[in-house]
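Protein chains in written order, with the UniProt record's numbering: chain A, 1 to 325; chain B, 1 to 514; chain C, 1 to 280.
Where a beta carbon is used, it is the ideal one built from N, C-alpha and C, also for glycine.
To keep things clear, I will list the structure first and then write my remarks on it.
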Amino acid sequence: MAIASTVLGRLLKAAITLLAIVVLNFLLIHAAPGDPAAVMAGEAGAADEKFIAQLRERFGLDQPLHVQLWNYVSNILQLDLGYSYRQGAPVLDLILERLPATLLLTLTAFGISLLFGVAMGVAASARVGKLGDSAITGVALLFYATPLYWAALMAVLVFSVWLGWLPGFGYETVGADYTGLARVLDILKHLILPAATLGLFFMAVYTRMTRASMLEVAQMDFVKTARAKGLPDKVIRRRHILRNALLPVVTLAGLQAGQLVGGAVLTETVFAWPGIGRLMFESLEARDYNTLLGVFLISAAMVILFNIVTDLVYRLIDPRIGATR
Amino acid sequence: MKHLLTTSFLVAAATSAAQAQQQGGRLDIVVQPEPPSLMLGLVQNGPTQMVAGHIYEGLLRYDTELQPQPSLAESWEISEDGLTYTFNLQDDVVWHDGRPFSAEDVVFSADTFLRETHARLRVSLAYVESITAPDDNTVVFQLSEPFGPFINSFEAGTMPIVPKHIYEGTDYANNEMNATPIGTGPFKFEEWVKGSHIHLTANEDYYLEGKPYLDEVFFRVIPDAASRAVAFETGEVDVLPGGSIENWDVARLMEEDDVCSTGKGWEFLAPHSFMWMNNREGPTADPRFRQAVMYAMDREFVRDVVWNGFGKVATGPVSSRTNFYTDDVTDYSHDPEKAKALLDEMGYDGTPVRVLPLPYGETWQRWAEAVKQNLQEVGIEVEIDSADVAGWNQKTSEWDYDLAFTYLYQYGDPALGTARNYIESQIEKGSPWNNVEGYRNPELDAKWAEAAVTFDRDERQKLYTEIQQEIVEDAPVAWLLELEFPTLYDCSVQDLVTTAIGVNDGLRDTWIEQ
Amino acid sequence: MSDFWIRFSRNKGALLGIAMLAAVILVALVAPLMFPKGPWQMVQRPFLTPFATEGLPLGTDTLGRNVAAGLAYGARVSLLVGLVSTLVALAIGVPLGAVAGYYGGWVDEAAMRFTEFFQTIPNFALAIVLVAIMEPTLTSITLAIAIVSWPPVARLVRAEVLSLKKREFVDAAQLAGLSNRRILLAQILPNAMSPIIVMASLMVATAILLESSLAFLGLGDPNIMSWGYMIGAARTVIRSAWWLSFFPGLAIVITVLALNLIGEGLNDAMNPHLNRKGRA
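Structure follows, in structure tokens:
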């Protein structure tokens, strides 16, 4: 019951945050030089006054800014993300078309990084001060310091150009018309490189976090008690230390959801992954206001949702039953 | 380097009759960036044209010598006074939805639809008094004045023929059918997976027997230039249209086996690059400063290093690939001393100038950096401005720049592609496609106007030669290069580029050697 | 304090970090002496490979400019962007977090809503939009990075202040009649400095990465040679001229690594018993 009401409360706050984001972004993007009509005129190969005036009128840009803002916000309140005049389709359709790809990418990257990060952190903490520990923390530091896009370029070069093992870009084999399991496998093959490169940085973060947290918890009184009771080391490690050590890792993971989604912009660009990160960058370039705002709204909503989920996970693994933070 | 080899092979193939062509196969082409729409009557930017130029057709196509060829029109006639253009249409043409095509569609497209939506065509249509369809297979354009370049206005990008039964009486921009374009072309729209690819399939009811040869075409969207090159290397795509990868990669890929290339297919557009120099204010208002810029630039270096040897140094406003070109003009070869002398003469006081690069990738950025170095060498203070595509449009069309890179298409005739950048009536804020530099020369304006409505070729050549000579002396803009964008393709792809707009309408004739 | 230095200097990783960072700073400082012509001058044929031509140890780039000179001048820009954006982020985050933690109540609520708001927008996406709006210049890039990186500072400072507020010395100060402002500035914040310093060292590293990522997407200042700008310019020739993006990439990795090692060293030295909640 308590969980349900907190979730509800958070959702309400989230709605207000989202609305504020919409307004801020709306003002920001309209402050950018140029507008969609100018971009389209620039691409058309020719333009005259009539042409541009037609476009502005069609896009509703001939109205005063506050009217445009009011129209936009009242549409949003009715859950209508508006229409992309540039692409000639409702924004929601454009986003929904691409959202699954981004979700697949970010969630996989998140899963990989959390799994390997925690595993490596645990392994390092078990060998603290020894060679294995230095090796793991060294690798983690290196991953942490490597620019994401650079790792992506290198991965394409090695695994798809030189070795030819994995496809270097795209979401699935175009025109192969696979169905069922074959399609799943095909998508998985395309997913490996982008998810791995996007996950690297976060894996490094979680490795370091888990290691530090494990070491910290290991010194706490209840662990000492458990040791005194003569419980085997493995059991203590898994049941007592890890469970507690995971708490700050989960909190951090929740806070980094925004970064993960942001990192997707770079990954999707290098790997031609048809997700909303790229849609965001392209609509920014084209000043496709409605689409850009829609992507911002949806990705902010994703971040909020993610935070709520990590909160729930936190409660699940928190050994202090019924504890509130 | 199979450049030359391929060209001669194409000639051989053309002469050795047509039965060699093989039916079937799939072609993957890069399209960059993703087009905003495929409705060619509404949007005519590069990527849209490349895809939709195979869905829609114009009345004519043009070969690489800019000579008109049949397309939807089987034959045509121009009256001796240059005022009446009569087109006989192909028989048995049907739209992709099965409805018959007729002369009424042409009249609707040219007289109603495109007058409303197509800014560039409006210029030519201003000379057209009436467009009529005496019968289902004939269309007559009646001109009020003999507009010289009118015969160059009929390819798919300039005058796409759209279906009357779908658009008549509707709000064109919001017509639901825009998402599933219906044309008469050799390929039909099948599917568009946004962010990934556009799928076209062969039009089985196409009016030319046996064509198209290909079963299907995939236009692939790959946002990063380096990734596009990789896609070509790994065989994911068969064709890299001109300009889709950076020049350094073009040079590298051309050395690989089984990679063919051609510089053809850009004759109609003939992209001509130059820097607008703001004629209104600042140092660039002084013609001596502008001439100094011309002498200061080492354009051969840029051609060789930045463009990897592709392209040709531009001598003036008209491309050597366009009709009525002359090279008998002032020669602005690299001469820093002359530049310095001109700057001394005008008393240049070291006021810094801003250079605005074209936001189209690394090549253009390097180019701006090279120009900056060149100008600094003769003592001009330079700062590179930066803007994305929208910002560039804003700055140029609002005249907020000192020097700004650009390139313009020539459309085969000075009256269509060149005049707009130099005549006074084209000085108008809000568009990056007109006389952005603000050059005023009433005497030349009269000559431009006269040349446009002169029908006799020799007469026109004489006028355009005079115009070019005088304008080059004035240097209202800094001409850079006639750009060349080689198209790279797998050598098994045959007859890829056969027209003056290349892969924008050429796939009708393309086949793959198995 | 001397304890701190002893502990810090026992940390091999931290010393290595100091050495690497010192080298980078040295290069940045002497760049104009080593390469008086500046990083933009075209000095030789383009695409000269590294270690092959005398005077051009790292080869030349696409226009024939000295890659070594670019790296040296790039160090100045990357360090500057990292440092300034971190300072700006601290200038926003520290007061906000401190006030929120100290006063609590609606002030805290409002400050945290504000912070959460910025954490909800994917930060890299926001940075892109900000740079695009202001157009890429050194100032706009630095500012955009600062704007997206202050929220964690505010959260950290708030947490520190919350826990310090309950300490005896704060009670004592209150009893002595010191004003809230005095207590916050003179008593609490100095005691919260160590975790802030640790975080700041990591933020400099992250800022350098962010700057290079923006440059990679074409959002770099075209008049300033930075490492990110070099990689962004070279990524299209990565196949034919690996060194053009490799060396600046290496420079970034080394600098970010050094800053991280130093940060960890500081953390360990300041918290010898690992008695605090881990933070990253």
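Interface criterion not met: the Cβ of Ser78 (chain C) is under 8 Å from no Cβ in chain A. In the structure shown, the three-state DSSP call for Val250 (chain B) is helix. Within a 10 Å sphere around the beta-carbon of Ile16 (chain A) sit fewer than 16 other beta-carbons, which makes this residue exposed. Neighbours of Gly263 (chain A) across chain C, judged by C-beta separation under 8 Å: Phe124. Taking the Cβ atoms as the reference, Phe405 (chain B) lies roughly 5 Å from Pro357 (chain B), within the contact range of under 8 Å. Under the criterion of beta carbons closer than 8 Å, Trp276 (chain B) and Glu437 (chain B) qualify as touching, at roughly 4 Å.
DSSP places Asn374 (chain B) in the uninterrupted alpha helix (DSSP H) bounded by Glu362 to Glu377. Of all C-beta pairs linking the region 468–475 of chain B to the region 316–334 of chain B, three or more are shorter than 8 Å, placing the two stretches in contact. For Lys312 (chain B), the pairing in a beta bridge is given by DSSP as B:Glu482. At a cut-off of 8 Å between C-beta atoms, Ile145 (chain C) does not count as an interface residue with respect to chain B.
Chain-order list of chain C residues neighbouring Thr310 (chain A): empty, with the shortest C-beta distance near 13 Å, by a criterion of under 9 Å. The beta carbon of Val256 (chain C) falls within 8 Å of a beta carbon belonging to chain A, placing the residue at that interface.
Setting aside the 5 residues that flank it on each side, Asp258 (chain B) is surrounded in the same chain by Asp490 and Cys491, each with a C-beta closer than 7 Å to its C-beta; the list follows chain order.
Shown here, Tyr167 (chain B) sits in a helix according to DSSP, grouped into three states.
DSSP, reduced to helix, strand and coil, places Ser386 (chain B) outside both helices and strands of the structure shown, so it counts as coil. If you check each beta-carbon in the region 213–230 of chain C against every beta-carbon of chain B, the ones closer than 9 Å belong to Gly218, Leu219, Gly220, Asp221, Pro222 and Asn223. Remark: fewer than three beta-carbon pairs, one from each stretch, lie closer than 8 Å, so the region 26–39 of chain C and the region 190–210 of chain C are not flagged as touching. Residues are counted here when their Cβ sits less than 8 Å from a Cβ of chain C; for the region 137–154 of chain A these are Leu141, Leu142, Tyr144, Ala145, Thr146, Pro147, Leu148, Tyr149, Trp150 and Leu153, given in chain order. Between the beta-carbon of Asp456 (chain B) and that of Pro149 (chain B) there is about 13 Å, and that puts the pair past the 8 Å contact cut. Around Ser160 (chain A), the beta-carbon contacts reaching into chain B at under 8 Å are Val230 and Thr234.
Excluding sequence positions up to five before and after Thr418 (chain B), its CB lies within less than 6 Å of the CB of Pro317 and Val318, all in the same chain and listed in chain order. Against chain B, a Cβ distance below 7 Å from Asp186 (chain A) picks out nothing, because the smallest value is about 13 Å. Taking a contact to require three or more Cβ pairs closer than 8 Å, the region 250–269 of chain C and the region 102–112 of chain C do not qualify as touching. Closer than 7 Å at the C-beta level to chain A, one finds these residues of the region 422–447 of chain B: Glu428, Gly430, Ser431, Pro432 and Trp433. Two segments are said to touch when three or more pairs of C-beta atoms, one from each, lie closer than 8 Å; by this definition the region 107–119 of chain B does not touch the region 180–190 of chain B. Neighbourhood of Glu216 (chain A) in chain B, by CB distance below 9 Å: empty, with the nearest CB roughly 42 Å away. Within the region 129–143 of chain C, contact with chain B at the beta-carbon level (separation under 8 Å) is assigned to Ala132, Glu135, Pro136 and Thr137. Considering only beta carbons, the part of the region 47–79 of chain C lying closer than 8 Å to chain B consists of Thr62, Leu63 and Gly64, in chain order. Contact check for Val157 (chain C) against Gly64 (chain C) fails: the beta carbons are separated by 8 Å or more. Under the 8 Å criterion on CB atoms, Trp40 (chain C) is classed as interfacial with respect to chain B. Contact between Glu255 (chain B) and Ala225 (chain B) is absent: CB atoms are separated by about 18 Å, not below the 8 Å threshold. Judged by pairs of C-beta atoms under 8 Å, the region 111–119 of chain A does not touch the region 179–194 of chain A, as fewer than three such pairs exist. Contact between Leu488 (chain B) and Leu240 (chain B) holds, with the beta-carbon distance rounding to 4 Å and staying under 8 Å. DSSP places Tyr172 (chain B) in the helix class (H, G or I) of the three-state scheme. Residues of chain B with a Cβ closer than 8 Å to the Cβ of Val39 (chain A) are, in chain order, Val389, Ala390 and Asn393.
Pro432 (chain B) and Leu55 (chain A) have their C-alpha atoms roughly 15 Å apart.
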